[in-house]
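> Quick note: the sequence shown, position 222, residue 253 per the numbering used here, numbers continuous.
Structure provided below as structure tokens; questions to follow.
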Amino acid sequence: MFIIDMQNRLLKTLTGKSVDRPALWMMRQAGRYLPEYLKTRQEAGSFWNLCFNPDLATEVTLQPIRRFDYDAAIIFSDILVIPQAIGQKVEFQPNHGPILDALQWDQICQFQDWQKFDQGLSPVYQAIRQTRQQLNTSKDLIGFAGTPWTIATYMIDQGKGHDHSKSRLALNDPTTLIPLIEILTTAIARHLVNQVKAGADVIQLFDSWASIVPHQHRDLLLFNPLEKIISLIHAELGHSVPLIYFGRGISDSYKHLCQRNLPVALGIDQNADLHQLHQDLPSNVVFQGNLSPQVLIDGGSALDRDIESILTLYRNRPMIFNLGHGILPQTPIAHVERVCELVRAA
């Protein structure tokens, strides 16, 4: 009797194997749109407590899997665990977001206490181990980090708002940023290696503020560090790890990125022209995205239409169905269920 292997769609897609339908998960799938998350968040008392309590982090990681049966879980954590671990204090204030202490450039750029770094982030790795133990073997587990540039913007601007005025000013002479980018590259690669050793099958790099960087500086600040992270991971583990790069707002540089032949899947935001990228980029490059979080809130015929438009690419390209950014808190659960229904029928 012929049995179709239904397991591990995400990992199979990323490693070039055929799947029965697109892999499905959603950025911020564990979050404030879920009542069970809100209950656990209240129990934690603070966002940082939630991130650094392995039992609670495991619980919220698994909540969307229980409810929606996604093909992958992404560990509940935050990209700002990196500056916290290398000596820049980070606080999360209610209704405000992260606030970071002033950046001590010399101290941070000369950081070398990697044992302390590993110890500081050990609750994240413990949460990954626990999640992997409790997660069905048919589900992949995603570890993640921010990119050097995106984390640097929070460190330089102390997380205050989204104008990134100090970061933009630093771009007038981007070479001054290299010492910070280099230490972050080392820290991020180490963090990702530790996550893989703990049980992550796939890793994603969030470059949420990539679009701030002008085209002429993107190799220096975005793509060279990306290549170095991939190289460091391979050197430490002795093998490559499937990696998704989500460069928000820079799809116009994806053709150039593909010319560098880096082994990455491309996360595509909701403002990008998915079908034009399909025409422009090599057919073996895996796409992830790019349903609009706002359309997911609106629902109805517009949601169905956009889902179908994305799914048409599945017939011609390896594809991971996801959003173009994270799920918003006001998203109706029924609309998420509708996405799951239509993707599973593809």
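A virtual CB, placed ideally from N, CA and C, is assigned to each residue, including glycine.
Nearest-angstrom Cα distance between residue 186 and residue 51?
The alpha-carbon atoms of residue 186 and residue 51 are separated by roughly 43 Å.
> Starting from residue 353, trace the beta strand (DSSP E) in both directions and tell me its first and last residue.
Here the beta strand (DSSP E) through residue 353 covers 350–354.
> Could you tell me which residues DSSP puts in a beta bridge with residue 142?
Residue 142 is not bridged to any residue.
> At the level of alpha carbons, what is the spacing between residue 251 and residue 331?
Distance between the alpha carbons of residue 251 and residue 331: 43 Å.
> Going straight from the alpha carbon of residue 147 to that of residue 139, what length do you get?
Near 14 Å, if we compare the C-alpha coordinates of residue 139 and residue 147.
> At the level of alpha carbons, what is the spacing between residue 162 and residue 64?
Near 21 Å, if we compare the C-alpha coordinates of residue 64 and residue 162.
> Taking the CB atoms as reference points, tell me whether residue 280 and residue 304 lie closer together than 8 Å.
Cβ atoms of residue 280 and residue 304: not closer than 8 Å.
> By alpha-carbon positions, which one of 278, 373, 84, 48 ends up nearest to residue 160?
Closest by alpha carbon: 84.
> What number of angstroms, rounded off, separates the C-alpha of residue 56 from the C-alpha of residue 82?
So the two alpha carbons sit approximately 20 Å from each other.
> Given this structure, state the Cα-to-Cα distance separating residue 212 from residue 170, to the nearest angstrom.
Looking at the two C-alpha atoms, the distance is approximately 33 Å.
> Please report how far the alpha carbon of residue 318 lies from the alpha carbon of residue 173, in whole angstroms.
Answer to the nearest angstrom: the Cα atoms are 16 Å apart.
> Under DSSP, the beta strand (DSSP E) around residue 167 begins and ends at which residues?
Here residue 167 belongs to no beta strand (DSSP E), and DSSP marks it neither H nor E.
> In chain order, which continuous runs of the alpha helix (DSSP H) of length 4 or greater are located wholly inside the region 93–130?
Runs found: 112–116.
> How many angstroms separate the CA atom of residue 210 from the CA atom of residue 143?
Distance between the alpha carbons of residue 210 and residue 143 is about 13 Å.
> Between which residues of its own chain and residue 96 is the CB-CB distance below 6 Å, once the five residues before and five after are set aside?
Once the five neighbours on either side are set aside, the close Cβ partners of residue 96 are 104.
> Near residue 222, which residues of its chain fall below 6 Å by C-beta distance, leaving aside the five closest residues on each side in sequence?
176, listed in sequence order.
> DSSP on residue 158, reduced to helix/strand/coil?
Residue state, collapsed to three classes: helix.
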